[in-house]
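Peer 1: Supplied in structure tokens, the structure appears directly below.
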Amino acid sequence: MTYKTIIAENISQNIGQDIGLITFNRPQVLNALSNQLRTELTQALSDFENNHALGAIVITGGEKVFAAGADITEMKDLSYIDAYQDDAVGGLEAALGQCRKPVIAAVSGYALGGGCELAMMCDFIIASETAKFGQPEINLGILPGWGGTQRLTRLVGKSKAMDMCLTGRMMDAVEAERCGLVARVLAEEKFIDEVIGIAKSIAAKSRPALMMNKECVNQAMETSLHDGLLFERRQFQATFATEDQKEGMAAFVEKRKPRWKHR
């Protein structure tokens, strides 16, 4: 499918390690998340989710900027009822929430406002040394509306979230890794190539095991420890009904690489 605001690519080098790469393509407005971009991103995610050759998805904005936020030119004249009925990011959030494949946000440059919130919707964030995160909505007389007060607080804690949301300040990559917002910080040189390499290493794993791991970690964010432990234990037990569990343990004992069937 041809898109106007994103570039969607199927990247394949090794059999069984295909990944989907989505790159925002509105550099003239710092990849502002317009209605069209969100719609196209939602469609690309759905297409990649339904492509059984793909094992992981990477979302990026390029070298200079991830996304500098929502498209303010589209939002500035909205009424309450317009904003309520539009439910701006609802479809995209649902698409990411329903995506069972691992989704990595590769952030280089600015990830502000909606850009930061979109990155947090992904399974984890890998940042380049140039990455800067922020929720500057306070400077527009509003507040985050796509998860900035909720996901950010869960990831970095109340004090950091309050600081960012009330002052509008930006957090650099080093601080973001230190407080748990990002998983890794990589050098700017060959950044996206390294992220693609990480995604391919994930895509090379057993698909059922990837999905189960993702479900368990997400469950930890939503339930009590008791319920989360029970969910994890049942998923662990369920892996013994898969062909990949038999192959993985046989390969370990025989000191060879596993040949996954993704079943």
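Residue numbers (the working numbering): 2 to 264.
Each residue gets a CB set at the ideal place from its N, CA and C atoms; glycine is no exception.
Do you know how far the Cα of Val-157 is from the Cα of Glu-10?
Peer 2: If you number the sequence shown from 1, residue 10 lands on position 9. If you number the sequence shown from 1, residue 157 lands on position 156. Taking the straight line joining both Cα atoms gives about 32 angstroms.
Peer 1: How big is the Cα-Cα spacing for Ala-57 and Gly-21?
Peer 2: Mapped onto the sequence shown, residue 57 falls at position 56. Mapped onto the sequence shown, residue 21 falls at position 20. Taking the straight line joining both Cα atoms gives about 6 angstroms.
Peer 1: Tell me, to the nearest whole angstrom, how far the beta carbon of Asp-83 is from that of Ala-54; I am working on the premise that it is less than 8 angstroms.
Peer 2: Position 82 of the sequence shown holds residue 83. Position 53 of the sequence shown holds residue 54. That belief does not hold up - the Cβ atoms of Asp-83 and Ala-54 are roughly 40 angstroms apart, past 8 angstroms.
Peer 1: Can you give the Cα-Cα distance for Arg-234 and Leu-211, rounded to whole angstroms?
Peer 2: Here residue 234 corresponds to residue number 233 of the sequence shown, with the count starting at 1. Here residue 211 corresponds to residue number 210 of the sequence shown, with the count starting at 1. One C-alpha to the other measures close to 15 angstroms.
Peer 1: Let me know the beta strand (DSSP E) ranges lying completely inside the stretch 87-120, each 3 residues or longer, listed in chain order.
Peer 2: List check, beta strand (DSSP E) in window: 104-108, 111-113.
Peer 1: Does the beta-carbon distance from Ala-71 to Gly-115 come in below 8 angstroms?
Peer 2: Looking up residue 71 in the sequence shown gives position 70. Looking up residue 115 in the sequence shown gives position 114. Closer than 8 angstroms, so yes.
Peer 1: Exposed or buried, what is Phe-67 when buried is set at 16 or more other beta-carbons lying within 10 Å of its beta-carbon?
Peer 2: For this step, residue 67 is matched to residue 66 along the sequence shown. When all chains shown are included, Phe-67 counts as buried.
Peer 1: Could you say if the stretch 131-141 and the stretch 167-174 meet the contact criterion of at least three C-beta pairs nearer than 8 angstroms?
Peer 2: Yes, the stretch 131-141 is in contact with the stretch 167-174.
Peer 1: Look at the alpha carbon of Lys-159 and the alpha carbon of Leu-167, and state the distance between them as a whole number of angstroms.
Peer 2: The count along the sequence shown starts at 1 and reaches residue 159 at position 158. The count along the sequence shown starts at 1 and reaches residue 167 at position 166. Those two C-alpha atoms are separated by around 12 angstroms.
Peer 1: Secondary structure at Glu-189, three-state DSSP: helix, strand or coil?
Peer 2: By one-based count along the sequence shown, residue 189 stands at place 188. Residue state, collapsed to three classes: coil.
Peer 1: For Leu-119 and Val-196, what's the separation of their Cα atoms in angstroms?
Peer 2: Taking the first residue of the sequence shown as 1, we reach residue 119 at position 118. Taking the first residue of the sequence shown as 1, we reach residue 196 at position 195. Roughly 17 angstroms between the two C-alpha positions.
Peer 1: If you pair each beta-carbon of the stretch 91-104 with each one of the stretch 33-44, do three or more pairs fall below 8 angstroms?
Peer 2: With a cut-off of 8 angstroms, the stretch 33-44 and the stretch 91-104 count as touching, because enough Cβ pairs lie within range.
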